[in-house]
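Structure first, commentary second.
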Amino acid sequence: MNLSLPAFYGYLGQLAEGALITVELFLTSFSLALLFGIILAVATSSKSRIIAAIWSVYASIFMGVPSLLVIFLIFYGGSAMVTAVLGDSASIDITPFSAGVAALSIVYAAYIAELLRGAIANLPHGQFEGARALAIPPLIMWVRVILPQVARLALPGLVNVWSFMIKETPLVSLAGLNDLVATAKIAAGATKEPFIFFIATSLFFIVFSAATLWLATRLEIRLDRGLTRTKA
Amino acid sequence: MSGLPIDLALAYDSMPALLRGLMTTILITVVSLVCGLMLAFPLCFARMSERPWLARAAETFVVFFRGTPVLILLYLVYYGFGQIKMLREGPLWLLFGSAFGCAIVAFSLNHAAYMVEVLRGSLLAVPAGLVEASEALGISRRKVFLWVRMPLAIRYGLKAYQNEVVSFTKGTAIVSVVTITDLTAVANGIFEQTYDPFTPILSAAALYWAFINAIRLVFRFWGAYLNRHNEDGVAETTSLPTSTLERMTGAGFTTMTTTADPATSASTGTGKEAA
Chain A
23 MNLSLPAFYG YLGQLAEGAL ITVELFLTSF SLALLFGIIL AVATSSKSRI
73 IAAIWSVYAS IFMGVPSLLV IFLIFYGGSA MVTAVLGDSA SIDITPFSAG
123 VAALSIVYAA YIAELLRGAI ANLPHGQFEG ARALAIPPLI MWVRVILPQV
173 ARLALPGLVN VWSFMIKETP LVSLAGLNDL VATAKIAAGA TKEPFIFFIA
223 TSLFFIVFSA ATLWLATRLE IRLDRGLTRT KA
Chain B
4 MSGLPIDLAL AYDSMPALLR GLMTTILITV VSLVCGLMLA FPLCFARMSE
54 RPWLARAAET FVVFFRGTPV LILLYLVYYG FGQIKMLREG PLWLLFGSAF
104 GCAIVAFSLN HAAYMVEVLR GSLLAVPAGL VEASEALGIS RRKVFLWVRM
154 PLAIRYGLKA YQNEVVSFTK GTAIVSVVTI TDLTAVANGI FEQTYDPFTP
204 ILSAAALYWA FINAIRLVFR FWGAYLNRHN EDGVAETTSL PTSTLERMTG
254 AGFTTMTTTA DPATSASTGT GKEAA
């Protein structure tokens, strides 16, 4: 052990800052992915063959390519893309954080949309017909009738996406973000104590997932409250 | 800024280097998949063992190596194991002394942890009555496992296995951090030489896409082969509660996944109620 206690506390502070960045990155990306995922799922839930074909190309691309490449693509090429779309006057600097948020939310929106599409397809068709028969406008039908039921069906899958996505957020450190993993790597290199810092980092991920899993179980029980199963 | 962002000439010129990178990616993937699977079997038996200490130990392994991001695992093995003096002087240094060996160790541990849960879920899905009937016929436990439980478990777990293999393969894109020039590293290198942000990365992405979809095709044929006795084919490989999502192995969160789509479990529930 060649690490004094004050030095260790100093690194602990840095790790906490890194952890905050990791959690911020994750929560921002997950919320955006969820939002885009819902929009994509609703937009592609029509029966049209063309929309289905476009969707399957989109899903195939983002589910068939490593997230790391998408992060690099946006980090290196993001400002060129923005200039190409908005004209030369709009030039922005892409930070690792914004590149990570953009890449992770684009990739995981595809996963979440795929999941929600499955849940929507599993709803009884009468729900849609009933809403139409009651002349409920489409927006209210989706928000008040369809999506609450979809949430119940899709929750277990969403939890899986959640716990898988948190394990992909460290990839953004490879684009230069000073997140938890990058900080741990610096601390491990400086102190020559790789085991302490990397294991502490992985425990952070494990505890974070476990805590949110517990919350998700509570949420699932709540969403299921109208359908308490009667088991024979 | 106009037209296609892809420089076709550059893409063509860098193809040999990218293909060499792809070969490295494939090599690492295949070796880790094999090692991970070999590790997963004994761990899965330990996990399902009736001795609590053994089951507890295997469970701890699974929780740790499933819960840790692969990047940290890779750093841990690459930077950490070099610090252990005993290891540095022992014969195992042949393995841990090279970046390639470290990558294989880290990836195999991660894959093994996921596969323990896939295997366990698939083995538990085999109707208990079938196993009891085989035992009643006096067939030895080893033979029951090899010829009754495994053949069925493979069919139940194939979809989960495919998802794990696909997402694992995508996860290998990080090996460049330990100086291995895989497909991602080659693309990055070309970017650093040319400052073309699109061509190398999009070419690499196309190669990854082709590789991932080749894996999906192999699994589709494998599934069709396993179910060749069935008229309507797909039913048996999808009966484990999994979705199209990656790593939806479910077994770790059994309470969460049992509610997954009632429609399919209702239509394919025949086999499982036999017990």
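Chains as they are written, first to last, in the numbering used here: chain A, 23 to 254; chain B, 4 to 278.
We treat Cβ as the ideally placed atom computed from N, Cα and C, and that holds for glycine.
Here the structure is a predicted model, which is why all the values come from computation and not from measurement.
How would you call Pro19 of chain B, buried or exposed, if buried means at least 16 neighbouring beta carbons within 10 angstroms? exposed
Name the two residues that bound the continuous alpha helix (DSSP H) containing Thr187 of chain B. 186-197
According to the Cβ coordinates, are Ile218 of chain B and Thr187 of chain B closer than 8 angstroms? no
Using DSSP with H/G/I as helix, E/B as strand and the rest coil, what is Ser68 of chain A? Coil.
In the DSSP assignment, the alpha helix (DSSP H) including His114 of chain B goes from what residue to what residue? 102-128
Of all the CB atoms in chain A, is at least one closer than 8 angstroms to the CB of Gln86 of chain B? At least one CB atom of chain A sits nearer than 8 angstroms to the CB of Gln86 of chain B.
What's the gap between the Cα of Asp115 of chain A and the Cα of Tyr98 of chain A? 10 angstroms
Identify whether Phe227 of chain A lies in helix, strand or coil by the three-state DSSP scheme. Phe227 of chain A: helix per DSSP, three-state reduction.
At least 3 beta-carbon pairs within less than 8 angstroms: the segment 111-119 of chain B vs the segment 57-68 of chain B: yes
Close beta carbons around Val147 of chain B, own chain, < 8 angstroms, minus the five adjacent residues each side: Val134, Ser137, Glu138
Straight-line gap, Pro118 of chain A to Ser195 of chain A (C-alpha atoms, nearest Å): 8 angstroms
Going by DSSP in three states, Leu95 of chain B sits in which element: helix, strand or coil? If DSSP states are grouped into helix, strand and coil, Leu95 of chain B belongs with coil.
Interface residues of chain A facing Ile215 of chain B [CB-CB closer than 7 angstroms]: The contacting residues are Gly86.
Taking its Cβ as the centre, do 16 or more other Cβ atoms sit within 10 Å of Thr261 of chain B, making it buried, or is it exposed? Residue placement at Thr261 of chain B is flagged as unreliable, the pLDDT there being 33, under the threshold of 50; a coordinate-derived value is accordingly withheld.
If you drop the 5 nearest sequence neighbours on each side, which residues of the same chain put their C-beta closer than 7 angstroms to that of Ala132 of chain A? Tyr80, Ala81, Phe84, Met85
CB contact check: Val203 of chain A to chain B, cutoff 8 angstroms: yes
Residues in the same chain with beta-carbon distance under 6 angstroms from Ser125 of chain B, minus the five sequence neighbours each way, listed in chain order, please. Ala156, Tyr159, Gly160
Can you check whether the CB of Phe48 of chain A is closer than 8 angstroms to the CB of Ile188 of chain A? yes
Extent of the continuous alpha helix (DSSP H) run through Val167 of chain A: Careful: Val167 of chain A lies outside any alpha helix (DSSP H) and carries neither H nor E.
Within 10 Å of its beta-carbon, does Gln165 of chain B have 16 or more other beta-carbons around it, so buried, or fewer, so exposed? buried
Whole angstroms is fine: what's the gap from Ser89 of chain A's alpha carbon to Val183 of chain A's? 14 angstroms
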